[in-house]
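The numbering of the sequence shown is this note's numbering, which starts it at 262 and goes up by one.
First up is the structure itself, then whatever we jot down about it.
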Amino acid sequence: MEIGNWVLMRACKDAATWPAGIKVAVNLSSVQFEKGDLYGAVAGAIAASGLAVDRLELEVTESVLLRDHPKTHDLLHRLRSLGIKILLDDFGTAYGALSYLRSFPFDKLKIDRSFVRDFGTPNERDCAAIVQSIAELAKRLRMTTVAEGVETAGQLAMVTNAGCEEVQGFYFSRPVPAKEIGAAISRVRQIFSPALENSA
């Protein structure tokens, strides 16, 4: 089995054992779009794992979109028709990224970590403005924004104030083996529990 398909299958099987509200995101490579049956691999992984389809998210980068526009466009739409969320990774770093928002069925935009890590530097104001602009654009397009690379409470506050709806980064957890996912989820819930209590 190709490594990409193996990762997809493993991720779905592992995620199926997690609490029901936790989703799993899998990065797709250009090779997976060019060779083999990606649609069949995704549908097969979902069926074999028993994972609820709305808990799977697939991430693509602009390099994938540049390969074969009509074929990729059709495949993304077919995958999305299954109920899977499609994410555009590292948004904001590519020259042609805005044009893709008109033709591809993205559900989420992942704001590149380069805009987040400059919080607390002389570039902070500009980066905050960019993050806020992307969040507002995504909202108008009915897309969710995910801020990548959040490593501090200050960065979390910045991207949240800018309008980002989801976040990821070492502030919550570094990559961990599958067997430690439960503990990682508990740590994240502890981080957010004060905010949830205050909003109640």
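Built from N, CA and C at the ideal position, the CB exists for glycine as well.
Small disclaimer: the values here were computed from a predicted structure and weren't measured.
Exercise. The alpha helix (DSSP H) spanning P308 covers which residue range?
Worked result: The count along the sequence shown starts at 1 and reaches residue 308 at position 47. Per the sequence presented here, residue 308 reads as Ala, with Pro not at that position. Counting along the chain, the alpha helix (DSSP H) containing A308 begins and ends at 299 to 310.
For this session: Note down, in chain order, each residue of its chain lying with its Cβ closer than 7 Å to the Cβ of I395, except the 5 sequence neighbours on either side.
Result: Indexing the sequence shown from 1 puts residue 395 at position 134. Result list for I395: F352, G353, L370, I372, T406, in chain order.
Exercise. At a cut of 8 Å, does the region 328 to 346 reach the region 289 to 297 through at least three beta carbon pairs?
Worked result: In short, these stretches touch, since the Cβ pair count reaches three.
Exercise. E318 to V411, Cα distance in whole Å?
Worked result: The residue given as residue 318 occupies position 57 in the sequence shown. The residue given as residue 411 occupies position 150 in the sequence shown. Between the alpha carbons of E318 and V411 lies a distance of about 20 Å.
Exercise. Are there 16 or more other CB atoms within 10 angstroms of the CB of L349, so buried, or fewer, so exposed?
Worked result: Here residue 349 refers to the residue found at position 88 when the sequence shown is read from its first residue. Residue burial annotation: L349 is buried, with at least 16 other C-beta atoms found within 10 angstroms of its C-beta.
Exercise. For A313, which three-state DSSP category applies?
Worked result: In the sequence shown, residue 313 corresponds to position 52, counting from 1. A313: coil per DSSP, three-state reduction.
Exercise. CB V377 to CB I345, shorter than 8 Å?
Worked result: Stepping through the sequence shown from its first residue, residue 377 is reached at position 116. Stepping through the sequence shown from its first residue, residue 345 is reached at position 84. In this structure, V377 lies away from I345, with their beta-carbon atoms at least 8 Å apart.
Problem set entry | Chain-order list of residues whose beta-carbon lies under 7 Å from that of A389 (same chain, five-residue window excluded) | One-based indexing of the sequence shown puts residue 389 at position 128. Taken in chain order, the residues that qualify are M419, A423.
Problem set entry | E397 beta carbon less than 8 Å from that of Q429 | Within the sequence shown, the letter at position 168 stands for residue 429. Within the sequence shown, the letter at position 136 stands for residue 397. With respect to the 8 Å criterion, Q429 and E397 are not classified as neighbours on the basis of their beta carbons.
Exercise. Can you name the start and end residues of the alpha helix (DSSP H) that N422 belongs to?
Worked result: In the sequence shown, the residue the question calls residue 422 occupies position 161. Residues 414 to 422.
For this session: Note down the Cα distance separating S342 from R403, rounded to an integer number of angstroms.
Result: Sequence index remark: in the sequence shown, residue 342 carries index 81 (1-based). Sequence index remark: in the sequence shown, residue 403 carries index 142 (1-based). Rounded to the nearest angstrom, the two C-alpha atoms are 17 Å apart.
Exercise. Is F352 helix, strand or coil when you go by DSSP?
Worked result: By one-based count along the sequence shown, residue 352 stands at place 91. Residue state, collapsed to three classes: strand.
For this session: Run the CB neighbour count on V449, radius 10 Å, all protein chains shown included, and call it buried at 16 or more, exposed below.
Result: Counting from 1 along the sequence shown, the entry for residue 449 is found at position 188. Classification of V449: exposed, given that the 10 Å Cβ count is below 16.
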